[in-house]
Amino acid sequence: MHTYQECLDYLYSRLPMFQRIGKAAYKKDLTNTLNFLEKLGNPHRHLKSIHIAGTNGKGSSAHALAAILQKAGYKTGLYTSPHLKNFTERIRIDGKEISEEQVLKFVQLNQHIIEDIEPSFFETTVAMAFEHFHLEKVDIAVVETGLGGRLDSTNVLTPELSLITNIGYDHMDMLGETLEEIASEKAGIIKENIPVVIARDQKEINRIFMTKAESLSAPLHNDSSLYRLTENSTSGFYRSFDINYRNNLIISELKTDIVSDYFRDNIPGVLSSVRVLNETGWSVSQDAIKKGFSDIRSSTGLKGRFQLISERPTLIADISHNLEGLTRLLSQIERMSKRKLRIIFGMVRDKGIHEIVSLLPTDAVYYLTQSHVPRALPVSELEEYFSRYGLQSSSFADVNEAINHAKTEADETDVILVTGSTFVVAEIDGL
Numbered sequence: 011m012h013t014y015q016e017c018l019d020y021l022y023s024r025l026p027m028f029q030r031i032g033k034a035a036y037k038k039d040l041t042n043t044l045n046f047l048e049k050l051g052n053p054h055r056h057l058k059s060i061h062i063a064g065t066n067g068k069g070s071s072a073h074a075l076a077a078i079l080q081k082a083g084y085k086t087g088l089y090t091s092p093h094l095k096n097f098t099e100r101i102r103i104d105g106k107e108i109s110e111e112q113v114l115k116f117v118q119l120n121q122h123i124i125e126d127i128e129p130s131f132f133e134t135t136v137a138m139a140f141e142h143f144h145l146e147k148v149d150i151a152v153v154e155t156g157l158g159g160r161l162d163s164t165n166v167l168t169p170e171l172s173l174i175t176n177i178g179y180d181h182m183d184m185l186g187e188t189l190e191e192i193a194s195e196k197a198g199i200i201k202e203n204i205p206v207v208i209a210r211d212q213k214e215i216n217r218i219f220m221t222k223a224e225s226l227s228a229p230l231h232n233d234s235s236l237y238r239l240t241e242n243s244t245s246g247f248y249r250s251f252d253i254n255y256r257n258n259l260i261i262s263e264l265k266t267d268i269v270s271d272y273f274r275d276n277i278p279g280v281l282s283s284v285r286v287l288n289e290t291g292w293s294v295s296q297d298a299i300k301k302g303f304s305d306i307r308s309s310t311g312l313k314g315r316f317q318l319i320s321e322r323p324t325l326i327a328d329i330s331h332n333l334e335g336l337t338r339l340l341s342q343i344e345r346m347s348k349r350k351l352r353i354i355f356g357m358v359r360d361k362g363i364h365e366i367v368s369l370l371p372t373d374a375v376y377y378l379t380q381s382h383v384p385r386a387l388p389v390s391e392l393e394e395y396f397s398r399y400g401l402q403s404s405s406f407a408d409v410n411e412a413i414n415h416a417k418t419e420a421d422e423t424d425v426i427l428v429t430g431s432t433f434v435v436a437e438i439d440g441l
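Each number in my numbering corresponds to the 1-based position in the sequence shown with 10 added.
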């Protein structure tokens, strides 16, 4: 292969990719990853890292921590998935994506390893990221798990800190049917003697994390309920909070450029993580915390989290795609001033369609669509569910066609929301 596009075509066609085909690409085994990394000289053993798992919030928490560490002066790697527009979004250093040339070079140099081991797309991407961070000598890498935790390819790291965000119902066909089973998979990132922060106090599963941490002598920090956030102001682009911890004001007017309600829930976990890092020898000032929170999007390239795309009518894109995420999103949208709510909606096949469609507001106007990935739920099937629940809808082959049509029908005081699938949001032109 000689070009970047040929390289991507090779990766997509040769390697099973969960985002495209679903469960068939998921390997419950770390063998491939460890073998691949060994042939690269085990770059992960030379990395200082923060490892993050959870159902909702792990991506935005990862971006927030990366932004804060960058503002503190650390050369910071960030590994997240999936990408929205370009493959290179998955691997960043100080907000700058890995270059297309570096991706091509990695695959060219290691094609013989890929063809010998036959790793998944995700396993290959993890190996690429860890080698890139090692070669570029990052001070620390913030690494988000792809799926689960215990058997996720990223779980070969020995981090400085593990962070577990909230646990909810998602990927149950692979991670378990109950919150306890899902939590056990996520708890797999807890390592011996390595501190772990639990970002949400979920009483029904706390014992799982406590038991796992105790068995590994891992210091457990589960104090998110001791934070109190008092909101000062909100605009289309920022929210501001006073932060109290143990009834003491610790930060006044903490401004953040992620305005979603669900990100507010992640702030205590991010702050606890920074506190633990400072207790273990890192140096992150309150000024770095403030600058990091206020500049997450431009520092890290975060997209698709309650993202305001245009106004009059208000157009918002949000990648929420499971029951809890959509519940929080719709609650926030409900409070917005508007004449009419118009929702552009698409899903992938392996979600709880009945549960999700049943929670959608009956007074909204719906524009159904699907993304161009094999996992996408066909619009024809989605139409059947919406009809069953009495939801008014029309259908479109493409998200941009749906947006354009919604705009022609909308009053300038309406709200248009694009949601339901990361892949639908990813296909918005100009995002």
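Built from N, CA and C at the ideal position, the CB exists for glycine as well.
Check                                                                                                             : Outcome
Where Gly87 sits in the DSSP three-state scheme                                                                   : strand
Three-pair Cβ contact test at 8 Å for the segment 159-170 versus the segment 198-208                              : yes
Distance, Ala151 Cα to Lys68 Cα                                                                                   : 14 Å
Reduced DSSP category for Lys313 - H, G, I as helix; E, B as strand; rest coil                                    : coil
Secondary structure of Glu224, DSSP reduced to three states                                                       : helix
Neighbourhood of Leu25 by C-beta, 7 Å cutoff - its chain only, sequence neighbours within 5 removed               : Pro129, Ser130, Phe131 and Thr134
Of the residues Val375, Gly400, Pro53 and Val280, the one placed nearest Arg210, counting alpha carbons only      : Val280
Three-way DSSP call (helix, strand, coil) for Tyr248 in this model                                                : coil
Residues near His54 in its chain [Cβ-Cβ closer than 7 Å; skip 5 each side]                                        : Leu47, Phe140, Val166 and Leu167
Residue closest to Ile426, alpha-carbon to alpha-carbon, out of Ile413, Glu437, Val434 and Thr432                 : Ile413
Cβ pair count under 8 Å reaching 3, the segment 404-422 against the segment 351-363                               : yes
Through-space distance from Val148 to Val367, alpha-carbon basis                                                  : 44 Å
Boundaries of the alpha helix (DSSP H) in which Arg210 is found, first to last residue                            : Neither: Arg210 is in no alpha helix (DSSP H) and is coded neither H nor E.
Of the listed residues Val207, Leu370 and Ile108, nearest to Ala228 (C-alpha basis)                               : Val207
Alpha-carbon to alpha-carbon, Arg285 and Gln342                                                                   : 29 Å
Cβ-based burial, Asn42 [other Cβ within 10 Å; buried from 16]                                                     : buried
Unbroken stretches of the beta strand (DSSP E), 3 residues or longer, contained in the segment 311-380            : 317-320, 324-327, 351-355 and 375-378
N-terminal and C-terminal residue of the beta strand (DSSP E) that His61 is part of                               : Ser59 to Ala63
Three-state secondary structure (DSSP) of Ser243                                                                  : strand
Spatial neighbours of Asp439 in its chain, beta-carbon cut-off 7 Å, leaving aside the 5 residues before and after : Asn410
Lys201 - DSSP class collapsed to helix/strand/coil                                                                : coil
Buried or exposed (CB count within 10 angstroms, at least 16 for buried), Gln317                                  : buried
C-alpha distance - Ser245 paired with Tyr20, whole-angstrom precision                                             : 44 Å
Minimum C-alpha distance to Phe251 - residue among Asn258, Leu259, Val435 and Asn242                              : Asn242
For Cys17 and Asn96, the rounded distance between their alpha carbons                                             : 13 Å
C-beta contact flag for Leu94 and Val435 at 8 Å                                                                   : yes
Classification of Pro278 by the beta-carbon crowding that lies within 10 angstroms, buried from 16 upward         : buried
Supposed close pair Leu171, Ser283 - CB separation, criterion 8 Å                                                 : 6 Å
Any 3 or more C-beta pairs closer than 8 Å across the segment 390-397 and the segment 322-339                     : no
Beta strand (DSSP E) segments (min. 3 residues) lying fully within the segment 113-155                            : 150-154
Runs of beta strand (DSSP E) lying entirely within the segment 372-441, each at least 3 residues, in chain order  : 375-378, 403-405 and 425-429
Sequence-distant residues of the same chain with beta carbon closer than 8 Å to Glu437, five excluded per side    : Ser381, His382, Asp408, Val409 and Asn410
Asp267 and Ser304 closer than 8 Å at C-beta                                                                       : yes
Beta-carbon gap between Thr188 and Gly64 smaller than 8 Å                                                         : no
Own chain residues within Cβ distance below 7 Å of Met220, not counting five before or after                      : Leu230
Three-state secondary structure (DSSP) of Asn42                                                                   : helix
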